[in-house]
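Enquirer: To start, I am sharing the structure in question, which I have written as structure tokens.
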Amino acid sequence: MPRPAGEYHVPALAKTVVEILRPGEPGIYCDLTVGGAGHGRMICDRLDERSVFVGTDRDPAAIEEASRKLKGVRCRVILRRAHMEDVGPILDEVGGPLRAALIDCGISSDQLDRGTGFALDDVGALLDMRQDPGQELTAAHLANGLSEKDLADLIYRYSDERMSRRIAAAIVRARPLETMGDLVGAVRRSLPGGYRHGQDTMRRVAMALRLATGRELEQLETALGETIQLHEPGGRIVVLCWMSLEQAVVKRVFRREKLSRKLEILTPKPLRPSAEEVLQNPRARAAHLRAAEKLAAAEMDFGCGAHGTGPERCQGWHF
């Protein structure tokens, strides 16, 4: 159900994001998935003219909304339509290291409500799943163009769905698929009679097509590695994940950078929204927040934070 005008997106864990990123000191702050600037506005409200806020998003509607939302802030604002993995050249133009960065993975509530094939129950929507409307590849191209084997491999790789081969065969038989309803119907017909988890299976198959269409996991890994390199010592990065595959990417990159003494993990366990926040914003239920801090070259690993003495440093962020 579309939200009223002016409610483009309700940011998840917003207060926690701001508390960890600590906006206020002069520097460069970046939101690589700025969306409607829900988090961005809260960050910019704590910055003055000595700071720069850089927001990128591959969705032009998001950039338009962010531009509206960030009018009147005191800091310098740079908004660019770009994929998160392309943030490096944009930050090179600004000059100077990053003080803080935010990545909110997945898709926004606005995109779910827009009718471009992201919502499983939007059966009449075209099987599109592009966050960037200028991108040529759509989910329909994958569903209709891949061989049965490659389609089964894609579904399994991005969803761990154990019936991926059976489902791929059903999709091939149902071609051409044009709408989300076509996809749902094909997957439903592939399932055994009386199967109780059909809705979960359909959701996993749709998720696999979406992730592959947008190269979301690959872009996340590239963007994480690059932004970590661009941070100043003590600079922080926060990532909001919405599914286990995204979490796996973030954990892998954070661990790798921690082992090389470049990063300190601030959240031994992911932070979750409070029951009150979930009540106000049910879509926040799946959010998992992970955060890390860039170390100076000589700093060692002391637990929870470059300048702390152990995990007690981040206990205050748990709900």
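The sequence shown lines up with residues 242 to 560 when you count with this note's numbering. Every residue gets a Cβ at the ideal spot worked out from N, C-alpha and C, and that includes glycine.
Using the Cα positions of glycine 557 and leucine 361, report the straight-line distance between them to the nearest angstrom.
Expert: Taking the sequence shown and counting its residues from 1, one reaches residue 557 at position 316. Taking the sequence shown and counting its residues from 1, one reaches residue 361 at position 120. Legend: pLDDT at glycine 557 = 44, less than 50; position of this residue unreliable, no value from coordinates given.
Enquirer: Please state the DSSP three-state secondary structure of glycine 475.
Expert: As a working mapping, residue 475 is identified with position 234 in the sequence shown. Glycine 475 falls in the strand class under three-state DSSP.
Enquirer: Going by Cα to Cα distance, which pick from Glu518, Val479 and Arg493 is closest to glutamate 260?
Expert: Locating residue 260 in the sequence shown gives position 19, counting from the first residue. Nearest C-alpha to glutamate 260: Val479.
Enquirer: Are the beta-carbon atoms belonging to glycine 358 and aspartate 351 less than 8 Å from one another?
Expert: By 1-based counting over the sequence shown, the position of residue 358 is 117. By 1-based counting over the sequence shown, the position of residue 351 is 110. Contact: no.
Enquirer: Which same chain residues, not among the five before or five after proline 252, have their C-beta less than 6 Å away from its C-beta?
Expert: Within the sequence shown, numbered from 1, the residue matching residue 252 stands at position 11. Counting only Cβ-Cβ distances below 6 Å, and skipping sequence neighbours, we find Gly279 and His280.
Enquirer: Taking all protein chains shown into account, decide if aspartate 538 is buried (16 or more other Cβ within 10 angstroms of its Cβ) or exposed.
Expert: Your numbering for residue 538 matches position 297 in the sequence shown. According to the sequence provided, residue 538 is alanine. The question's aspartate does not apply to it. By the 10 Å Cβ count, alanine 538 comes out exposed.
Enquirer: Measure the alpha-carbon distance for leucine 332 versus leucine 458 and round it to whole angstroms.
Expert: Looking up residue 332 in the sequence shown gives position 91. Looking up residue 458 in the sequence shown gives position 217. In a straight line, the C-alpha of leucine 332 is about 22 Å away from that of leucine 458.
Enquirer: Label glutamate 487 either buried or exposed according to how many other C-beta atoms from any shown protein chain fall within 10 Å of its C-beta, with 16 as the threshold for buried.
Expert: Taking the first residue of the sequence shown as position 1, residue 487 is located at position 246. So glutamate 487 ends up on the buried side.
Enquirer: To the nearest whole angstrom, what separates the beta carbons of leucine 512 and glutamate 534, a pair I think is in contact under 8 Å?
Expert: For the purposes of this step, residue 512 is identified with residue 271 of the sequence shown, where counting begins at 1. For the purposes of this step, residue 534 is identified with residue 293 of the sequence shown, where counting begins at 1. Wrong, their Cβ atoms sit about 15 Å apart, outside the cutoff.
Enquirer: Based on the DSSP secondary-structure assignment, which residues constitute the bridge partners of histidine 529?
Expert: For the purposes of this step, residue 529 is taken as residue 288 along the sequence shown, with counting starting at 1. BP columns for histidine 529 point to Cys482.
Enquirer: Classify leucine 520 as buried or exposed, calling it buried when 16 or more other Cβ atoms lie within 10 Å of its own Cβ.
Expert: Sequence index remark: in the sequence shown, residue 520 carries index 279 (1-based). Classification of leucine 520: exposed, given that the 10 Å Cβ count is below 16.
Enquirer: For tyrosine 270, write down the residues that DSSP places opposite it in a beta bridge.
Expert: Within the sequence shown, residue 270 is the residue found at index 29, counting from 1. Answer is Phe294 and Ala341.
Enquirer: For arginine 340, count neighbouring Cβ atoms within 10 angstroms of its own Cβ and tell me buried if that reaches 16, exposed if not.
Expert: The residue labelled residue 340 in the question sits at position 99 within the sequence shown. Buried, because 16 or more other Cβ atoms sit within 10 Å of the Cβ of arginine 340.
Enquirer: So methionine 484 and threonine 442 are supposed to be a Cβ contact under 8 Å. How far apart are they, rounded?
Expert: Residue numbering aside, residue 484 sits at position 243 when the sequence shown is read from its first letter. Residue numbering aside, residue 442 sits at position 201 when the sequence shown is read from its first letter. Not quite, the Cβ-Cβ distance comes to about 15 Å (not below 8 Å), so this is no contact.
Enquirer: What is the DSSP secondary structure of glutamate 457, counted as helix, strand or coil?
Expert: What you label residue 457 is simply residue 216 of the sequence shown in a count that begins at 1. Helix, per DSSP.
Enquirer: Assuming contact is defined by CB atoms lying nearer than 8 Å, are glycine 276 and serine 349 in contact in what I supplied?
Expert: For the purposes of this step, residue 276 is taken as the residue at position 35 of the sequence shown. For the purposes of this step, residue 349 is taken as the residue at position 108 of the sequence shown. Yes, these two residues count as a Cβ contact at 8 Å.
Enquirer: Give the C-beta separation of leucine 320 and isoleucine 344 to the nearest angstrom, bearing in mind that I take them to be a contact with Cβ-Cβ under 8 Å.
Expert: Numbered from its first residue, the sequence shown carries residue 320 at position 79. Numbered from its first residue, the sequence shown carries residue 344 at position 103. Incorrect: roughly 16 Å between the Cβ atoms, too far for contact.
Enquirer: Closer than 6 Å by C-beta to aspartate 289: which residues in its own chain qualify, once you throw out the five before and the five after it? Chain order, please.
Expert: The residue labelled residue 289 in the question sits at position 48 within the sequence shown. Result list for aspartate 289: Arg315, in chain order.
Enquirer: Across which residues does DSSP place valine 519 in a beta bridge pair?
Expert: For the purposes of this step, residue 519 is taken as residue 278 along the sequence shown, with counting starting at 1. Paired residue(s): none; valine 519 is not in a bridge.
Enquirer: Using 10 angstroms around the beta-carbon of lysine 312, count the other beta-carbons present and answer buried if the total reaches 16, otherwise exposed.
Expert: Here residue 312 refers to the residue found at position 71 when the sequence shown is read from its first residue. When all chains shown are included, lysine 312 counts as exposed.
Enquirer: From the DSSP secondary-structure annotation, give me the bridge partner or partners of isoleucine 284.
Expert: In the sequence shown, counting from the first residue as 1, residue 284 sits at position 43. Paired residues: none, contrary to the question.
Enquirer: Buried or exposed, going by whether 16 or more other CB atoms sit within 10 Å of the CB of tyrosine 436?
Expert: The sequence position of residue 436 within the sequence shown is 195, counting from 1. Tyrosine 436 is exposed by the Cβ-count criterion.
Enquirer: Along the chain, where does the alpha helix (DSSP H) that runs through leucine 320 open and close?
Expert: The residue labelled residue 320 in the question sits at position 79 within the sequence shown. Leucine 320 -> not in any alpha helix (DSSP H); beta strand (DSSP E) instead, spanning 317-322.
Enquirer: Pick helix, strand or coil for threonine 550, following the three-state DSSP scheme.
Expert: The residue labelled residue 550 in the question sits at position 309 within the sequence shown. Legend: pLDDT at threonine 550 = 37, less than 50; position of this residue unreliable, value from coordinates given subsequently. Here threonine 550 sits in coil by DSSP.
Enquirer: Compare the beta carbon distance of proline 264 and isoleucine 284 with 8 Å and say whether it is the shorter of the two.
Expert: The residue given as residue 264 occupies position 23 in the sequence shown. The residue given as residue 284 occupies position 43 in the sequence shown. Result yes, Cβ atoms of proline 264 and isoleucine 284 sit closer than 8 Å.
Enquirer: Put glutamate 534 into one of helix, strand or coil per three-state DSSP.
Expert: For the purposes of this step, residue 534 is identified with residue 293 of the sequence shown, where counting begins at 1. Three-state DSSP puts glutamate 534 in a strand.
Enquirer: What are the start and end residues of each continuous alpha helix (DSSP H) run of 4 or more residues lying completely inside the region 377-436, in chain order?
Expert: The qualifying runs are 380-386, 389-400, 405-415 and 421-431.
Enquirer: Spatial neighbours of alanine 409 within its chain, please: C-beta separation below 7 Å, excluding the five flanking residues on both sides.
Expert: As a first step, residue 409 must be located in the sequence shown, where it is residue number 168. Around alanine 409: Glu389, Leu392, Ala393 and Ile396.
Enquirer: Below 8 Å on the Cβ atoms is my guess for valine 446 versus serine 400; work out the distance and round it to an integer in Å.
Expert: Counting from one through the sequence shown, the residue named residue 446 turns up at place 205. Counting from one through the sequence shown, the residue named residue 400 turns up at place 159. Contact holds; Cβ gap of about 7 Å.
Enquirer: Let me know if histidine 472 comes out buried or exposed under the rule of 16 or more other beta-carbons within 10 Å of its beta-carbon.
Expert: Locating residue 472 in the sequence shown gives position 231, where the first residue counts as 1. Label assigned to histidine 472: buried.
Enquirer: Let's test the definition: count the other Cβ atoms within 10 Å of the Cβ of tyrosine 270 and tell me whether it reaches 16, buried, or not, exposed.
Expert: Against the sequence shown, residue 270 aligns to sequence position 29. Flag for tyrosine 270 reads buried.
Enquirer: Quick one: what does DSSP say proline 264 is sitting in, helix, strand or coil?
Expert: Here residue 264 refers to the residue found at position 23 when the sequence shown is read from its first residue. It is a strand residue.
Enquirer: Taking the CB atoms as reference points, tell me whether alanine 528 and leucine 481 lie closer together than 8 Å.
Expert: In the sequence shown, the residue the question calls residue 528 occupies position 287. In the sequence shown, the residue the question calls residue 481 occupies position 240. Their beta carbons are under 8 Å apart, which means alanine 528 touches leucine 481 by this criterion.
Enquirer: Between glutamate 326 and glutamine 460, is the Cβ-Cβ spacing less than 8 Å?
Expert: If you number the sequence shown from 1, residue 326 lands on position 85. If you number the sequence shown from 1, residue 460 lands on position 219. Yes, they are a contact pair.
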